[in-house]
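These notes concern the structure reproduced below.
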Amino acid sequence: MTAEQAAPDLSYDESVIGVEVDAGDVEITREQIARYCEAVGETNPLYLDERAAAEGPHDGIIAPPGLLHTIQTQGWMDPKVKFGNTTFAAGSKMVVMHPVHAGDTINARVAISEVYAKTGRTGTMMFVVRRTTYRNQHGLDVATNDFSTVHRQVERVQ
Amino acid sequence: MTADQRYFEDIDPGDEFEESWEALPEHVQQYVTLGQRNLETMGRFRDAAGAREVGLQRPIVPGMMSLAVLTRLVTDWMGPQGRLQTMDVDFRRPVQQGDTLRVLGLITDTHEDDGRPIVKLDVYLENDRGERPLQGVAIVELPRRP
């Protein structure tokens, strides 16, 4: 095999960079918050105890910040990265602007903000950074998240 | 969790705090059914066979679930009137299901930003092999003592 043939294909669809897509609306329910809290071991009364939350700074139950990561988003642009045979989470930067209350409807808008390759001691990797902006029913941005995934070539373990 | 309030005047750079987290498979199965449908279909979160397909020996925990546990450490610590501003983390290696992890926070800086009391923390997960699968920085605004 020549060096040229062995070079990894780092191409992707550059036209999707920066294109923001409406990825849908989700109502945040108390039940959804409770299920999330059970899965991740949250017992904070701000999320679970109606009376305590009503007396707290937010006048009612709010959602843990991480619940936004579980919202099902759809329709976002695919940069069609050809490199690798699997992806893993690489990083997350969440900026929280306002609390999400039970009963809020959250709209997610998603854009691919960056695609880049990097070569380290474990070989070549390609990163895709996706920015999601979460907005409530009042038109207020409540949070943004820059989530990056790494595309890698891995061998199956026998 | 404690509902105790943390105040800006009561903390100092160098203060540390921690919790423990057992990454139980049954909790992972709960997490993957919460909303993101693609997680539920990924074998790496389900069983060893699915994990081996992507080069792993054991099933792992979704990155965002590990992040949720790390975020919980910060929001529990800051108290109800604290405000998490940013949570910026790197996923350095997968968290394996069944592991027990230390969930740690270290205050690295306190300052005022436009009159608001701000605390910067290093946060990370550490497994019993001494590895840090997830680490990052949290920025929190704390209230002043009345």
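Quick note, the sequences are listed as chains S and P, same order. According to the numbering used here, the first sequence is numbered sequentially starting from 246. According to the numbering used here, the second sequence is numbered sequentially starting from 902. All residues carry an ideal CB built from backbone N, CA and C; glycine is no exception. Note that the coordinates shown come from a computational prediction; the quantities given were computed from them, not determined experimentally.
is_contact[residue i, chain P] using C-beta, thresh 8 Å
i                : result
His314 (chain S) : yes
Ser358 (chain S) : no
Arg401 (chain S) : yes
Ala334 (chain S) : yes
Met339 (chain S) : yes
Gly365 (chain S) : no
Gly311 (chain S) : yes
Thr331 (chain S) : yes
Gln382 (chain S) : no
Option in the options with minimal Cα separation from residue i
i                 : options                                : result
Ala335 (chain S)  : S:Asp294, S:Arg397, S:Ser260           : S:Arg397
Gln317 (chain S)  : P:Gly936, P:His1012, P:Asp1015         : P:Gly936
Phe909 (chain P)  : P:Val970, P:Leu940, P:Thr1011          : P:Thr1011
Arg984 (chain P)  : S:Thr274, S:Val387, S:Ile262, S:Asp254 : S:Val387
Ile1019 (chain P) : P:Arg993, P:Leu1043, P:Pro963          : P:Leu1043
Arg376 (chain S)  : S:Thr364, S:Phe392, S:Ala362           : S:Phe392
Ile1034 (chain P) : P:Leu1005, P:Pro995, P:Asp1023         : Per the sequence presented here, residue 1034 (chain P) reads as Pro, with Ile not at that position. Looking at the Cα atoms, P:Pro995 is the closest of the given residues.
Asp294 (chain S)  : S:Ala284, S:Val285, S:Ile278           : S:Ile278
Glu923 (chain P)  : P:Val962, P:Arg945, P:Asp989, P:Phe946 : P:Val962
Arg380 (chain S)  : S:Cys282, S:Glu259, S:Thr332, S:Val345 : S:Val345
Asp1023 (chain P) : P:Ala969, P:Asp989, P:Ala949           : P:Asp989
Ile351 (chain S)  : S:Val264, S:Leu313, S:Ala252           : S:Leu313
Buried or exposed (CB count within 10 angstroms, at least 16 for buried), residue i
i                 : result
Gln382 (chain S)  : exposed
Ala248 (chain S)  : Below a pLDDT of 50, predicted positions are generally treated as unreliable, and Ala248 (chain S), at 47, falls in that range; the measurement from the model is reported next regardless. By the neighbour-count rule (16 or more Cβ atoms within 10 Å), Ala248 (chain S) is not buried but exposed.
Gln319 (chain S)  : exposed
Met342 (chain S)  : exposed
Arg349 (chain S)  : Here residue 349 (chain S) turns out to be Asp, not Arg, going by the sequence shown. Looking at its Cβ environment, which holds 16 or more other Cβ atoms inside 10 Å, Asp349 (chain S) is buried.
Glu287 (chain S)  : buried
Ala1039 (chain P) : buried
Leu1002 (chain P) : buried
Thr1009 (chain P) : exposed
Collapsed DSSP secondary structure at residue i in the structure displayed
i                 : result
Thr377 (chain S)  : strand
Gly964 (chain P)  : helix
Asp948 (chain P)  : coil
Leu1002 (chain P) : strand
Thr972 (chain P)  : helix
Asn289 (chain S)  : coil
Ala248 (chain S)  : Caution applies to Ala248 (chain S), whose pLDDT of 47 falls short of 50 and renders its modelled position unreliable; the value that the coordinates give is listed next. In the structure shown, Ala248 (chain S) sits in a helix (DSSP, three-state: H, G or I).
Arg1017 (chain P) : strand
Phe392 (chain S)  : strand
Met342 (chain S)  : coil
His383 (chain S)  : coil
Met902 (chain P)  : Legend: pLDDT at Met902 (chain P) = 45, less than 50; position of this residue unreliable, no value from coordinates given.
Trp922 (chain P)  : strand
Arg397 (chain S)  : strand
Pro1025 (chain P) : With the sequence shown as reference, residue 1025 (chain P) is identified as Tyr, and Pro is not the correct amino acid for it. Three-state DSSP puts Tyr1025 (chain P) in a strand.
Glu359 (chain S)  : strand
Asn352 (chain S)  : strand
Met371 (chain S)  : strand
Gly980 (chain P)  : coil
Gln319 (chain S)  : coil
Phe328 (chain S)  : coil
CB contact below 8 Å: residue i versus chain S
i                 : result
Asp1014 (chain P) : no
Thr985 (chain P)  : Note that residue 985 (chain P) corresponds to Leu in the displayed sequence, not to Thr. Closer than 8 Å to some Cβ of chain S, the Cβ of Leu985 (chain P) qualifies, so yes.
Tyr932 (chain P)  : yes
Pro960 (chain P)  : no
Asp911 (chain P)  : no
Val955 (chain P)  : yes
Phe946 (chain P)  : no
Gly936 (chain P)  : yes
Interface partners of residue i on chain A, CB under 7 Å
i                : result
Val990 (chain P) : As a matter of chain content, chain A is missing from the structure shown, whose protein chains are S and P.
Legend entry - Residues of the segment 280-303 of chain S whose Cβ lies closer than 8 Å to any Cβ of chain P, in chain order: Listed in chain order, the positions of the segment 280-303 of chain S with a beta carbon within less than 8 Å of a beta carbon of chain P are Arg280, Tyr281, Glu283, Ala284, Val285, Gly286, Glu287, Thr288, Asn289, Pro290, Leu291, Ala297, Gly301, Pro302.
Inset, instruction - With 8 Å as the C-beta to C-beta threshold (strictly closer), list the residues of the segment 998-1032 of chain P near chain S in chain order. - result: Within the segment 998-1032 of chain P, contact with chain S at the beta-carbon level (separation under 8 Å) is assigned to no residue.
Legend entry - Within 7 Å of chain S by C-beta, residues of the segment 964-983 of chain P in sequence order: Residues passing the 7 Å Cβ filter: Gly964, Met965, Met966, Leu968, Ala969, Val970, Thr972, Arg973, Thr976, Asp977, Pro981, Gln982.
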